[in-house]
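Novice:
Numbering (my numbering), first residue to last: 131 to 319.
1) Please look up how many angstroms separate the CB atoms of residue 282 and residue 249, rounded, as I've assumed it's under 8 Å.
2) For residue 195, does the three-state DSSP call read helix, strand or coil?
3) Is it the case that the region 156–169 contacts the region 222–233, given that we only count it when at least three CB pairs across the two stretches are under 8 Å?
4) Ignoring anything shorter than 4 residues or poking outside the region 243–272, list the alpha helix (DSSP H) runs there in chain order.
5) What residues are listed by DSSP as bridge partners for residue 232?
6) Taking 8 Å as the threshold, find out whether the region 141–150 comes into contact with the region 165–184 through three or more Cβ pairs.
7) Hey, which unbroken runs of the beta strand (DSSP E) at 3 residues or more fall wholly within the region 162–215?
8) Touch check for the region 170–183 and the region 251–259: three-plus C-beta pairs under 8 Å?
9) Taking C-alpha atoms, which residue in 261, 179, 269 lies nearest to residue 288?
10) In whole angstroms, what is the alpha-carbon distance linking residue 176 and residue 160?
11) May I ask you to report which of helix, strand or coil DSSP gives residue 141?
12) Buried or exposed for residue 267, going by 16 or more other Cβ atoms inside 10 Å?
13) For residue 148, which three-state DSSP category applies?
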């Protein structure tokens with residue numbers, strides 16, 4: 131029963147919004163409109179030789195200006211998997227404002243089957259933000275993120291996320307309180 135309901139939902143979504151393939155074909159038009167309507171917005175689309183979609187990057191001009199005017203020079207990069215009709219991965223570059231809220235700088239979409247995506251994404255980010263002295267990156271310990279930061283931002287400092295670090299400590303010592311103490315110390319710093 132669930133299978134039929136799920137198929138009906140997929141069919142209704144395809145009728146309403148089109149297939150994922152049709153949607154990705156509209157990305158160049160979306161890119162053009164964004165760049166025309168929001169001057170200074172930076173986008174990039176990477177395709178394979180057969181013109182098949184590979185990666186997408188966008189940094190909206192308001193986010194870039196906001197980063198330069200009032201944000202700390204600390205960038206958190208991470209990704210999350212999409213599990214809906216259009217599978218793939220969303221990549222994010224964010225920072226934190228003074229009231230402890232996340233501030234989106236740029237985002238991208240792609241299929242991270244190879245490790246070149248992070249280098250491409252960070253190169254686009256560098257093109258959007260320019261050269262930044264004393265920049266700090268925070269991420270999980272993903273090797274392709276480390277390699278991308280070292281390649282594109284060789285003078286930037288790269289550190290591990292306090293939450294990931296506290297989870298590693300908790301697993302190593304097999305005690306919940308050790309991870310909580312470490313995370314509390316990192317937050318107070």
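Note that beta-carbon positions come from the ideal geometry of N, C-alpha and C, so glycine has one too.
Specialist: Short version:
1) 6 Å
2) Of the three classes helix, strand and coil, the one that applies to residue 195 here is helix, per DSSP.
3) no
4) 246–259
5) Residue pairing for residue 232: DSSP places it in a beta bridge opposite 226.
6) The answer is no - the region 165–184 does not touch the region 141–150, with fewer than three Cβ pairs under 8 Å.
7) Segments of the beta strand (DSSP E) lying fully in the region 162–215: 172–177, 183–189, 204–212.
8) yes
9) 269
10) 14 Å
11) Under the three-state reduction of DSSP output, residue 141 falls in the helix class.
12) Within a 10 Å sphere around the beta-carbon of residue 267 sit 16 or more other beta-carbons, which makes this residue buried.
13) coil
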